[in-house]
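Undergrad:
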Amino acid sequence: MEKISEVSFFDKEQGNDAIVKRLLRAMVLNDSFVYVVGGMSDTAGHGNMFADSYPQVMADIMAPAMAKAKIKFEVRNLAMGGVPSYPGSMCMKDAFGPDADVVMWDFRMVEHASLNGEIYIRQALMHPRRPFVAFKRPNGYLNSMKNYFTPASLHVVDERDLAKLASSNSNTTARDLVENDNFCGFSDPVRKKDGTWQECECPGQVRWHAGYKLQRLRGVQMALVYLNMLDLAVDKYVEMINGPGDEPGESPSDIMQRRWEIGHNKQIDLAEHAPYSKDCRGIFCSRAYSCAMSWEPRMGPGLTDIFDSETKWKLDYPDARSKSASEDGHSKCSYKDAKKTVIGGVSDGWVFFKFVAEDDSKKGSVAFCADFPGEDLGGKWEDKTLVLLNGEEIQGELERWVEVKTLGMHSACYSHSGEDGPDATHINHPCRCSSTSPPQCDNNKALPGTQECSKRARMS
């Protein structure tokens, strides 16, 4: 891999060229450049103020230079505590936004499977803007995925060597990588007054979460990496204006109309790039989806937005403990993540979901990714829940996708193509579910087009 200012690109020849071109395009067209970070609780800034999380530090440092370049710049920290990249990666357009230019994978402690990492990359390549893909760690499996090196401009920004330079500590836990690191720092104005550090009350102050110094070191490194690319883009912009063949007095907009050749990369045909992971099946590795979700943060529609009729089912936290912890972090430290669910049971009747496709001439599939307790996996949940598609029961005919498990979730995904149903290609699908014991359905994703409805159900 080629190292450029603490960033390592897997395609040595291309290096950062593709990202520089994207920045140049944004500069000339006064377009946006959106950097999205997906990750775990450490990425979300837990233990510190949200403003101290490294994506926010990166944004603060880069914003003035990007504004001078007339680029509409945004960094989105969409990390969430306790969840891996999958199955959220199946909803990349609606989770991260349709305007993402770079997506960062930072699920260091909660995801190590090559299959999940490959799904993340492939879903990015099918995203409408085809964002470039960054990883926070050089996961070993990435070295073998050569077909993605160039189209994804696959690269790694790893702060560990830089952190070791700043510390003489041999302990490698997150907080000890930087000497005398503490939580929160001075981001809270109330704690700045006397210039001394004070303990804050932010939830998540555990040894595997970084203190504010390491968060800031990560943010500074990230900013310098991409500011270096902006500097290269500015140089190319100047060359374009002053290059041979330009008419005297031409404005950049005139040159853009006459000579501009830089646009968004076209989506690649993933059929030409067979997956590396043997379990990377086409239904979730070669299809892109539109979604509705109950978990936050997200950029797209919520689960309640696709309710097809009034229902007694409610959007809420699954239990008092998670509600208290989330609301505490939101009020004291401005955290953004919340694992809300749509909750209901037999006494609440049915809940219907309606999916409208952009192109109802195409066949699609309806699916749900469900956060089940372990005892309900393996088919037991099917004895408690009715799932209907176009009026037909389908809970016994579902195709199982991938199961993932962390300390905070146990998720499995299922789908149904509807090809044998009476209206298989008609998309205004009402989907409904009920249960013989109260389920908690969250992250119900409606996937029209390649239409997938994904319902996260947590059975109790």
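All residue numbers in the sequence shown are consecutive under the numbering used here, ending with 460.
All C-beta atoms in this analysis are idealised placements derived from N, C-alpha and C, irrespective of residue type, glycine included.
(1) Is the region 61–71 close to the region 95–102, with three or more CB pairs under 8 Å?
(2) Roughly how many angstroms lie between the CA atoms of Pro203 and Pro318, to the nearest whole one?
(3) If we call anything under 8 Å between Cβ atoms a contact, is Ala124 one with Met92?
(4) Which of the three DSSP states is assigned to Asn228 in this structure?
(5) Going by DSSP, what residue range makes up the alpha helix (DSSP H) through Ile61?
(6) Grab the span of the alpha helix (DSSP H) containing Arg25 for me, first residue to last.
(7) Spell out whether any CB of chain D is found under 8 Å from the CB atom of Val157.
(8) Check whether the Cβ atoms of Met58 and Gly219 lie closer than 8 Å to each other.
(9) Along the chain, where does the alpha helix (DSSP H) containing Met92 start, and where does it finish?
(10) Tell me the DSSP bridge mates of Ala367?
(11) Output needed for Lys278: all residues of its chain with C-beta closer than 8 Å, excluding positions within five of it in sequence on either side, in chain order.
(12) Please state whether DSSP places Pro104 in a helix, a strand or coil.
(13) Could you check how far apart the C-beta atoms of Met104 and Ala152 are, in whole angstroms? I think they sit under 8 Å.
(14) Determine, using beta carbons only, whether Lys340 and Trp401 come nearer to each other than 8 Å.
(15) Shortest alpha-carbon distance to Thr406 belongs to which of Asn147, Ile121, Arg287, Ala113?
(16) Would you call Asp161 buried or exposed, if buried means 16 or more other Cβ atoms sit within 10 Å of its Cβ?
(17) Which value, in whole angstroms, describes the spacing of the CA atoms of Ser334 and Ala51?
(18) Do Leu386 and Val342 have their C-beta atoms within less than 8 Å of each other?
(19) Return the CA-CA distance between Phe33 and Ser85, expressed in angstroms with no decimal places.
(20) List the whole-angstrom C-beta distance separating Cys291 from Ile119, where the pair is believed to meet the contact cut-off of C-beta under 8 Å.
(21) Compute the minimum distance between the beta carbon of Leu217 and the heavy atoms of the ligand COA, and state whether it is under 7 Å.
(22) Tell me the residue span of the beta strand (DSSP E) that contains His155.
(23) Please report the residue range of the beta strand (DSSP E) in which Asp316 lies.
(24) Excluding the five sequence neighbours on either side, which residues of its own chain have a C-beta within less than 8 Å of the C-beta of Leu270, listed in chain order?
(25) Grouping DSSP H, G and I as helix and E and B as strand, with all else coil, what is Phe50?
(26) Could you tell me the alpha carbon to alpha carbon distance between Ser8 and Tyr35, rounded to whole angstroms?
(27) Do the CB positions of Leu23 and Leu230 come within less than 8 Å of each other?
(28) Based on the DSSP output, what are the partners of Ala338 in its beta bridges?
TA: Short version:
(1) no
(2) 19 Å
(3) yes
(4) helix
(5) 54–68
(6) 17–29
(7) Absent from the structure: chain D. Only one protein chain is present.
(8) Yes, the pair counts as a contact, with Cβ atoms nearer than the cut-off.
(9) The continuous alpha helix (DSSP H) containing Met92 extends over residues 92–96.
(10) Ser415
(11) Contacts found: none.
(12) Correcting the residue identity first, residue 104 is Met in this sequence and not Pro. Met104 falls in the strand class under three-state DSSP.
(13) In fact, because the Cβ distance is near 12 Å, the residues do not count as touching under 8 Å.
(14) For Lys340 and Trp401, no; Cβs fall outside 8 Å.
(15) Ala113
(16) By the 10 Å Cβ count, Asp161 comes out exposed.
(17) 8 Å
(18) no
(19) 22 Å
(20) Not quite, the Cβ-Cβ distance comes to about 14 Å (not below 8 Å), so this is no contact.
(21) Ligands displayed in this structure: none; no statement on the ligand COA is therefore possible.
(22) 155–157
(23) 314–316
(24) Arg122, Leu125, Met126, Cys285, Ser286
(25) If DSSP states are grouped into helix, strand and coil, Phe50 belongs with the helices.
(26) About 17 Å.
(27) yes
(28) Glu296
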